[in-house]
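The listed protein sequences correspond, in order, to chains A and B. Its first residue numbered 9, the first sequence is counted upward by one per residue in the working numbering. Its first residue numbered 9, the second sequence is counted upward by one per residue in the working numbering. Heads up, the beta-carbon is just placed ideally off N, CA and C, and yes, glycines get one too. All figures in this text were calculated on a predicted structure; none of them were measured in a lab. Down below is the structure, laid out as structure tokens.
2 protein chains.
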Amino acid sequence: MKKFKLIVAYDGTDFHGWQIQPEIRTVAGELKSAAEKILRHEISVTAASRTDTGVHALGQTADFSTDNPIEPSKLLHALNGVLSDDVVVKSTEEVPENFHSTHLSKGKHYRYVIRLSKIDDPLTRRYHWWYRHNLDIGKMISASKFLVGNVDFKGLEINCGKPDVETVREISKIEISRNNDDLIIDVFGKSFMYKLIRSIVGLLVAAGNSKILPEEIPEILSEKNEHRKTDVAPAKGLTLIEVYY
Amino acid sequence: MKKFKLIVAYDGTDFHGWQIQPEIRTVAGELKSAAEKILRHEISVTAASRTDTGVHALGQTADFSTDNPIEPSKLLHALNGVLSDDVVVKSTEEVPENFHSTHLSKGKHYRYVIRLSKIDDPLTRRYHWWYRHNLDIGKMISASKFLVGNVDFKGLEINCGKPDVETVREISKIEISRNNDDLIIDVFGKSFMYKLIRSIVGLLVAAGNSKILPEEIPEILSEKNEHRKTDVAPAKGLTLIEVYY
């Protein structure tokens with residue numbers, strides 16, 4: 009048996025997220041069926057992150073095992089020959105059999121882009137959240153301090169009603185920068201819950217437009233403040249940039 | 009009567025070009041029908057450039073006349089409220105009745121982007137030509153010297169078999185630059201024939217990959233060399249950046 013590690017990039021717009029679902033177009037589903045065509049046997053695909061519907065990736069990491077003696081570079085070209093235009097395998101590499109994309113991940117870098125302009129740009133609209141109003145970046149940076157470290161996100165109510173989901177997550181860094189009309193939020197952490205980054209962005213935007221005070225964030229996160237709900241940012245602004253091993 | 013000048017941006021991927029055609033989705037068709045909904049009477053839309061299927065615009069210029077006393081800023085917001093996501097009106101302005109987007113244009117700036125990389129980027133694939141092989145930029149710059157000035161493009165055979173099309177065009181400047189993996193070709197000129205810029209890019213690429221010598225270009229353009237056909241570059245790499253008045 010050989011194990012391959014793949015770096016995968018995709019435009020999430022026309023996918024129902026990463027995870028395989030019957031009769032629905034997902035990135036893992038496309039990748040699995042492309043690889044099975046080439047390898048001529050069934051495989052099981054594992055990934056570092058189950059990105060949601062509409063979320064993009066430049067550096068998703070996936071792995072699968074095969075009996076096929078195919079060379080990594082041949083696999084790379086064969087996969088890109090079969091896959092549709094909105095998903096691209098950037099690299100293939102043979103790794104030890106104990107490699108596991110999810111469990112061995114040391115951390116992930118996600119980027120969220122907010123376009124601050126009066127008018128949207130039709131050429132990049134698939135990859136940012138167009139936000140018409142002003143945002144105070146100083147307040148957003150102040151707010152981000154409350155979201156870094158070992159943080160309990162219980163109050164965000166994004167655990168889909170599953171009471172046993174671990175709600176404490178380690179966020180190592182949040183960087184907020186501006187590039188012309190783009191407000192860029194880089195989030196680095198060990199692992200994330202479903203919708204967590206989009207909820208973090210929602211909190212930062214609520215601070216930036218003065219709907220909440222940065223100091224209120226601990227209370228919102230701790231479930232003590234039931235009336236301070238903030239919006240979850242749209243999926244299309246989010247891209248998984250890199251996974252670290 | 010009022011005349012409005014509009015700056016329009018669009019992602020050309022899902023349009024059959026600018027020009028209105030019956031029962032086909034075109035940018036002018038969408039704009040006309042959106043404006044007619046708002047103004048409540050029929051209008052006729054004129055543009056600076058009839059961009060082809062798949063060609064994008066950041067600064068297309070269009071105009072139409074109306075009896076409706078609507079304010080420019082109200083028209084702007086109303087249009088963007090009605091139009092689909094892939095076309096955006098960036099500005100509206102009242103202009104004198106003798107304004108004409110096509111005839112009064114002093115020049116246009118088009119940009120063509122070639123992505124030079126082993127692997128395509130699925131997040132920007134709609135806006136560049138992915139080119140896997142190496143290109144010698146020095147040779148392309150040498151070739152571009154033969155394409156600037158008052159040039160007769162008769163030999164390119166892109167005039168759709170219409171013998172009366174004027175084939176001499178004034179190209180004022182061609183700039184070729186590199187930004188990471190992107191090779192950017194900026195073309196400035198008074199007016200262009202159908203497919204002319206994509207043919208110019210095709211010639212430059214043929215020089216860059218040594219299929220032709222830069223010095224052969226005058227011969228190719230003059231129709232004397234029948235065997236030196238070069239490819240027309242794909243539409244999706246081309247964007248109309250700005251029209252000058």
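| Asked | Found |
| --- | --- |
| Of all Cβ atoms in chain A, is any one closer than 8 Å to the Cβ of I208 of chain B? | no |
| Is there a Cβ of chain B sitting closer than 8 Å to that of P242 of chain A, yes or no? | no |
| What does the Cβ neighbour count give for Y253 of chain B, buried or exposed, with the cut at 16 atoms within 10 Å? | exposed |
| Just the chain A side, please: which residues come within less than 9 Å of D239 of chain B by C-beta, in chain order? | None at all; the shortest Cβ gap to chain A is about 20 Å. |
| Taking all protein chains shown into account, do 16 or more other C-beta atoms lie within 10 angstroms of the C-beta of I182 of chain A, making it buried, or fewer, making it exposed? | buried |
| When the Cα atoms are used, what is the spatial distance from E102 of chain A to K13 of chain A? | 6 Å |
| Compare the C-beta of I122 of chain A with all C-beta atoms of chain B and state if any pair is closer than 8 Å. | no |
| If we define contact as Cβ-Cβ less than 8 Å, is A36 of chain A a contact residue for chain B? | no |
| Using the Cα positions of V209 of chain B and I149 of chain B, report the straight-line distance between them to the nearest angstrom. | 11 Å |
| Go ahead and pull the three-state DSSP assignment for A241 of chain A. | coil |
| Would you call the stretch 40-49 of chain A and the stretch 70-86 of chain A in contact, with 3 or more CB pairs under 8 Å? | yes |
| Less than 8 Å between the C-beta atoms of L204 of chain A and R186 of chain A, yes or no? | no |
| Starting from the beta carbon of R140 of chain A, find every residue of chain B whose beta carbon is closer than 8 Å, and list them in chain order. | Ordered by position in chain B, no residue passes the 8 Å Cβ test against R140 of chain A, which lies about 11 Å from the chain. |
| Can you look up G67 of chain B in the DSSP assignment and give me helix, strand or coil? | strand |
| How many angstroms separate the CA atom of P77 of chain B from the CA atom of K10 of chain B? | 8 Å |
| Could you tell me the boundaries of the beta strand (DSSP E) in which I78 of chain A lies? | Run containing I78 of chain A: none; DSSP gives neither H nor E here. |
| Would you call the stretch 47-57 of chain A and the stretch 126-146 of chain A in contact, with 3 or more CB pairs under 8 Å? | no |
| Taking the alpha helix (DSSP H) that G146 of chain B belongs to, which residues open and close that run? | 145-152 |
| If the cut is a Cβ gap below 9 Å, which residues of chain A does K64 of chain B touch? | What sits at residue 64 of chain B in the sequence shown is His, not Lys. The contacting residues are P130, L131. |
| In the structure shown, what three-state DSSP assignment does L248 of chain B receive? | strand |
| Give me the chain B residues within the contact set of K98 of chain A, using Cβ-Cβ distance strictly less than 7 Å, ordered along the chain. | I127 |
| If the cut is a Cβ gap below 8 Å, which residues of chain E does D19 of chain A touch? | Considering every chain present, this structure includes no chain E. Its protein chains are A and B. |
| So what does DSSP say about T54 of chain A, is it helix, strand or coil? | strand |
| If distances are taken between C-alpha atoms only, which option among A:T21, A:V16, A:D71 comes closest to R134 of chain B? | A:T21 |
| Do you know offhand how far A215 of chain A's Cα is from S125 of chain B's? | 40 Å |
| Taking E79 of chain B as the reference, give the member of B:H64, B:T100, B:D60 with the closest Cα. | B:T100 |
| Could you check if R173 of chain A is buried or exposed, using at least 16 other CB atoms within 10 Å of its CB as the buried criterion? | Checking the sequence shown, residue 173 of chain A turns out to be Val, not Arg. It counts as exposed. |
| Select from the stretch 143-175 of chain A all residues with a C-beta closer than 7 Å to any C-beta belonging to chain B, and list them in chain order. | none |
| Could you pull the start and end residues of the beta strand (DSSP E) that I15 of chain B belongs to? | 10-18 |
| Could you tell me which residues DSSP puts in a beta bridge with S218 of chain A? | S218 of chain A is not bridged to any residue. |
| Where does H85 of chain A sit, in a helix, a strand or coil, going by DSSP? | helix |
| Can you grab the Cα-Cα spacing for the pair I179 of chain A / P104 of chain B, in whole Å? | 58 Å |
| Threshold first: 3 residues or longer. Then list the beta strand (DSSP E) segments lying entirely within the stretch 178-224 of chain B, N to C. | 190-197 |
| Assign A29 of chain B to buried or exposed, taking buried as 16 or more other Cβ atoms, counted over all protein chains shown, within 10 Å of its Cβ. | It should be pointed out that residue 29 of chain B corresponds to Gln in this sequence rather than to Ala. Q29 of chain B is exposed by the Cβ-count criterion. |
| Kindly indicate the opening and closing residues of the beta strand (DSSP E) around K98 of chain B. | 95-103 |
| So with CB distances below 8 Å, who are the chain B contacts of V95 of chain A? | P130 |
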